[in-house]
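Position one of the sequence shown corresponds to residue 389 (my numbering), numbered consecutively onward.
Some notes on the structure that comes next.
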Amino acid sequence: MSLATGLLSRAWVRWAITAVVVVVLFVLPLQLDEYTNQNLARIGVFAVAVLGLNVVMGYTGQVSLGQIFFVGAGAYVTGYGASHDWNIVLVFVASVLVPGVIGLLVALAAARLGGLAIAMVTIALPIVGVPFAKRLSDFTGGSQGMSSAFSNAPGWTGLYNDQWQLYIVLVVGGAVFLLIRNLVRGKYGRAFAIVKDNEAVAASMGISPYRYKVLAFTVASLIGGASGFLYMAVIQFTSPETMSFGHSITLLASMVIGGAASILGSLLGGAYYVLVPQWSNDIDPNLTELLQGALLLLTLLLLPGGLATLPRVLARTLRRTRTPDPSERRQTPSAPPAPGRASVEETPTVGGIPAQSPTERQEQA
């Protein structure tokens, strides 16, 4: 009975915390100023992008340097559909499926490769994507890019644009994070972890490394498309530079700094992607890349697991400081021997035989 009560109480606590978080997220956009709402919306956009990269790199251990390509592809599909008055649900589905199909085709060819080979394949995506987007000017707007204001707040809501856009990010991004959280905590997540640790062991257990690599890469592509939809909803503009290789490297650094194989790390990575360039530009625009590189090096040296592991590292450090070193502990002194009696350790020996006193020898004689 006590066990059932404990489980019930824990369930109620989880539901209560969830309800509080939902209420806070609902009220938050109404209380914040426009600049803060826009920043939070951008953080949500790139947190979803980092989450997709985390699925294929953090959880499955596959090198992917082209995740930003799928974000850009999703943004272009969103802009095209919105500018042609597609239904918003159809726009979202298309912006997710098109990058997903491209990712599946790439994964079918690249998943059998490993190490530098798959890295080179994924590097080609943003490198080829930029000139390709410029050439398809009828679809992408060419070098000038394309804009779409489909995410402006409807009049019946009574909301400002920044509030409405933040709600879109919270709903779509929250759904994506919830789905991936359930995915990585289930059997697929366990299979990803086994493939990441040792592909030979995975194969011996009946887990196909090839299939799960393809699955992880495809899921990451779908998430990239969802991030592209949110990107167009918040930024309302995209161009070929959106999918440039430099942005892909920044996205990778965001995942490393936030924390690989971590849901929280993806959120922190999104915050890094948005806020750190802003702060470094305020200090000195010429030092932006230098400061970002220094932060990456410091994180790798001090927190190899990313910022998401900071609470665990601090807790472990506190436990070490509170626990005394066993070598420094004082041993409990042994009780002194009774008067007139020598302890066993203090009895003199001759050739390993206990020596006898003169009195004992006279008694034996």
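Cβ atoms here follow ideal geometry from the backbone N, Cα and C, with glycine treated the same way.
Check this for me: beta carbons of residue i and residue j, under 8 Å apart or not?
i	j	result
Arg430	Val622	yes
Gln624	Pro417	no
Tyr600	Ala521	no
Gly432	Leu618	yes
Leu698	Leu691	yes
Phe633	Pro514	yes
Leu639	Ile456	yes
Thr773	Gly533	No statement about residue 773 is possible, as the shown extent of the chain runs from 389 to 753 and does not include it.
Leu694	Gly653	According to the sequence as given, residue 694 is Gly; it is not Leu. Closer than 8 Å, so yes.
Leu496	Val602	yes
Whole angstroms is fine: what's the gap from residue i's alpha carbon to residue j's?
i	j	result
Ser525	Gly517	13 Å
Ala696	Thr687	11 Å
Gly488	Val560	17 Å
Pro597	Glu587	6 Å
Val459	Ala505	22 Å
Ser609	Leu685	28 Å
Ala730	Arg710	Only weak support is given to the placement of Ala730: the predicted model assigns it a pLDDT of 46, under 50, and the question is left unresolved by the model.
Gln553	Ser539	6 Å
Ser535	Val481	19 Å
Pro628	Arg500	30 Å
Ser668	Asn442	25 Å
Leu702	Ala399	28 Å
Leu656	Tyr555	19 Å
Glu422	Val662	16 Å
Ala512	Ile651	27 Å
Once you ignore the five residues that flank residue i on each side, which residues in its own chain have a CB closer than 6 Å to its CB?
i	result
Tyr447	Val572, Phe580, Ala649
Asp452	With the sequence shown as reference, residue 452 is identified as Ser, and Asp is not the correct amino acid for it. Excluding sequence neighbours, Ser452 sits near Val444, Met445, Thr510.
Lys584	Thr448, Gly449
Starting from the C-beta of residue i, find all residues in its chain whose C-beta is less than 7 Å away, skip the five residues before and the five after it, and write them out in chain order.
i	result
Tyr468	Phe527
Tyr660	Ser642, Ile645, Gly646
Asn425	Pro417, Asp550, Gln551, Leu554
Given residue i, which residues of its chain have a CB within under 8 Å of its CB, disregarding the five upstream and five downstream residues?
i	result
Gly491	Phe458, Phe605, Thr606, Ala608, Ser609, Leu610, Gly612
Ala537	Gln624
Val732	Reliability fails at Val732, whose pLDDT of 44 lies under 50, so the model's placement of it is uncertain and the value that follows must be treated cautiously. For Val732, where only same-chain residues beyond five positions count, there are no Cβ hits under 8 Å.
Roughly how far, in whole angstroms, is the beta-carbon of residue i from the beta-carbon of residue j, given that I think they are within contact range, below 8 Å?
i	j	result
Ser615	Val436	4 Å
Ser636	Gly502	With a Cβ gap of about 20 Å, Ser636 and Gly502 do not count as contacting.
Ala470	Val484	That belief does not hold up - the Cβ atoms of Ala470 and Val484 are roughly 14 Å apart, past 8 Å.
Taking 7 Å as the cut-off, is the beta-carbon of residue i closer than that to any non-hydrogen atom of the ligand FAD?
i	result
Leu618	With respect to the ligand FAD, the structure offers nothing, as it holds no ligand at all.
Where are the alpha helix (DSSP H) runs, 4 residues long or more, that stay fully inside the stretch 453 to 521, in chain order? 455 to 471, 476 to 498
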